[in-house]
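Peer 1: I have a structure here, written as structure tokens, and I will follow up with some questions on it.
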Amino acid sequence: MSLSVKHLLGIKELTSQDIEQIFQTADNFKQVLQRPIKKVPTLRDTTIANVFFENSTRTRISFELAERRLSADVVNFASSGSSVSKGETLIDTVNNILAMKVDMVVMRHSASGAPWFLSQNVDARIINAGDGINEHPTQALLDAYSIRERLGSIKGRRICIIGDIMHSRVALSNIYCLGKLGAEVMVAGPPTLIPKHIEDLGVKVEYDVKKALQWCEVANVLRIQLERQHKPLFSTLREYALYYGINKQTLDSLGKEIVIMHPGPINRGVELNSDVANSKQSIILDQVENGVAIRMAVIYLLSGKVDLED
Ligand code: CP
């Protein structure tokens, strides 16, 4: 029943069986979330710290709801207003939190590899809630779970990830996850936002978004991550929207219906127009809803309670 890993640092380390196990467990928790009392007592003796060194809306709230719905005790830490500003190190910060008898740490950090570093240096289960441009594993799990829910399967499906691939931890985690589940994956966007040699990860590359949309059954559209771009990689947002943004007219011209996804936050009018984001083809809010069940599943399977219940 338990996963092959002790921490969830990335999708790269998971097996396809781990991912299926997470999906099956999330199916059960999704049923719990539809009941009048959306709560199980499973983790009532567990304390979880959400340690966020970078901004977040969806992931932070989703993890906290997942933890509370498993009956865990929850503490939230944000680096702004903390002793990090006085020079405290990451390990000291987390060890001080752990000294207050915390069992699990959910961490977001702007430095790629920070959750891995923590897992090597502190005695707690670590869940990566997004590290720099490396991975965002629970986002990829909820994305794949939402595709499976909408289309019934993932194996053999043609899925395109569009936009700022270069700076996206969501893109890398999706590439690993969808690949392990047998999907055909394409990345599309301006050449300056697509890493060299990305084909080595088993993905197709397309620079013409219209051709990518014609190829795919699902388009997962990503935000332009201006905060991670230290020099201009395209002329203007207006030009990006013109050549790579998706609007209703583009979709209607395809002659077929594709599924539209976005991990959020959306730059409306840049990568996606509101008439697309709010359309019937869009499963953006289903992704957010499924995030709670997926995170409940991940937390439960890593909690150490599973083997005791077998
Ligand atoms: N998708 C995502 O990670 O959103 P937040 O940055 O709001 O958590």
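Just so we're aligned, residue 1063 is where the sequence shown starts under our numbering, counting upward by one.
For glycine and all other residues, C-beta sits at the position ideal for the given N, C-alpha and C.
Quick caveat: nothing in here was measured; it's all calculated off a predicted structure.
Nearest CA to the CA of residue 1232: which residue from 1299, 1200 and 1117?
Peer 2: One-based indexing of the sequence shown puts residue 1232 at position 170. Considering only alpha carbons, the answer is 1200.
Peer 1: Note down the Cα distance separating residue 1138 from residue 1273, rounded to an integer number of angstroms.
Peer 2: Along the sequence shown, one-based indexing puts residue 1138 at 76. Along the sequence shown, one-based indexing puts residue 1273 at 211. When rounded, the distance between both Cα atoms is 44 Å.
Peer 1: Just to confirm before moving on: does the CB-CB distance between residue 1191 and residue 1125 stay below 8 Å?
Peer 2: The residue given as residue 1191 occupies position 129 in the sequence shown. The residue given as residue 1125 occupies position 63 in the sequence shown. Yes; because the gap between Cβ atoms is below 8 Å, this pair is in contact.
Peer 1: Does the Cβ of residue 1012 lie closer than 7 Å to at least one heavy atom of the ligand CP?
Peer 2: Residue coverage of the chain in this structure runs from 1063 to 1372, which leaves residue 1012 outside it and unanswerable.
Peer 1: Span of the beta strand (DSSP E) holding residue 1266?
Peer 2: For the purposes of this step, residue 1266 is taken as the residue at position 204 of the sequence shown. Start and end: 1266 to 1268.
Peer 1: Report the residue from 1364, 1363 and 1347 whose alpha carbon sits nearest the alpha carbon of residue 1208.
Peer 2: The count along the sequence shown starts at 1 and reaches residue 1208 at position 146. That would be 1347, whose Cα lies nearest to the Cα of residue 1208.
Peer 1: Could you spell out the range, first to last residue, of the alpha helix (DSSP H) harbouring residue 1303?
Peer 2: Taking the sequence shown and counting its residues from 1, one reaches residue 1303 at position 241. 1299 to 1306 is the span of the alpha helix (DSSP H), which, as asked, contains residue 1303.
Peer 1: Extract the residue ranges of the alpha helix (DSSP H) inside the region 1271 to 1352, only unbroken runs of 4 or more that lie entirely within it.
Peer 2: Fully enclosed alpha helix (DSSP H) runs of 4 or longer: 1271 to 1277, 1299 to 1306, 1310 to 1314 and 1336 to 1339.
Peer 1: With distances taken from each beta carbon to the nearest heavy atom of the ligand GTP, which residues come in below 5 Å, in chain order?
Peer 2: The ligand GTP is absent from the structure shown, which contains only the ligand CP.
Peer 1: Let me know the alpha helix (DSSP H) ranges lying completely inside the region 1194 to 1245, each 4 residues or longer, listed in chain order.
Peer 2: The region 1194 to 1245 contains these whole alpha helix (DSSP H) runs: 1199 to 1213 and 1231 to 1242.
Peer 1: Determine the closest residue to residue 1174 out of 1343, 1145 and 1196, with distance taken between C-alpha atoms.
Peer 2: Translated into positions along the sequence shown, residue 1174 becomes position 112. Answer by Cα proximity: 1196.
Peer 1: Counting Cβ pairs closer than 8 Å, one from the region 1073 to 1085 and one from the region 1318 to 1336, do we hit at least three?
Peer 2: The region 1073 to 1085, when compared against the region 1318 to 1336, does not touch it at the 8 Å Cβ threshold.
Peer 1: With a CB to CB cut of under 6 Å and the five nearest residues on each side skipped, what residues in its chain are close to residue 1153?
Peer 2: Mapped onto the sequence shown, residue 1153 falls at position 91. Once the five neighbours on either side are set aside, the close Cβ partners of residue 1153 are 1183.
Peer 1: With 16 as the cutoff for other CB atoms within 10 Å, does residue 1161 come out buried or exposed?
Peer 2: In the sequence shown, counting from the first residue as 1, residue 1161 sits at position 99. Exposed, by the Cβ-count rule.
Peer 1: To the nearest angstrom, how far is the alpha carbon of residue 1082 from that of residue 1189?
Peer 2: Locating residue 1082 in the sequence shown gives position 20, counting from the first residue. Locating residue 1189 in the sequence shown gives position 127, counting from the first residue. Rounded to the nearest angstrom, the two C-alpha atoms are 18 Å apart.
Peer 1: Does the count of Cβ pairs from the region 1353 to 1361 and the region 1246 to 1265 closer than 8 Å reach three?
Peer 2: No, because fewer than three Cβ pairs between the region 1353 to 1361 and the region 1246 to 1265 fall closer than 8 Å, the two stretches do not touch.
Peer 1: Assign residue 1063 to buried or exposed, taking buried as 16 or more other Cβ atoms, counted over all protein chains shown, within 10 Å of its Cβ.
Peer 2: One-based indexing of the sequence shown puts residue 1063 at position 1. It is exposed - the Cβ of residue 1063 has fewer than 16 other Cβ atoms within 10 Å.
Peer 1: Excluding the five sequence neighbours on either side, which residues of its own chain have a C-beta within less than 6 Å of the C-beta of residue 1074, listed in chain order?
Peer 2: One-based indexing of the sequence shown puts residue 1074 at position 12. 1238.
Peer 1: Let me know the secondary structure DSSP gives residue 1191 once reduced to three states.
Peer 2: Start at 1 with the first residue of the sequence shown, and residue 1191 comes out as number 129. Residue state, collapsed to three classes: strand.
Peer 1: May I ask you to report which of helix, strand or coil DSSP gives residue 1130?
Peer 2: Counted from its first residue, the sequence shown places residue 1130 at position 68. DSSP places residue 1130 in helix when its eight states are reduced to three.
Peer 1: Just the Cα atoms here: how many angstroms apart are residue 1129 and residue 1278?
Peer 2: Translated into positions along the sequence shown, residue 1129 becomes position 67. Translated into positions along the sequence shown, residue 1278 becomes position 216. Whole-angstrom Cα-Cα distance: 35 Å.
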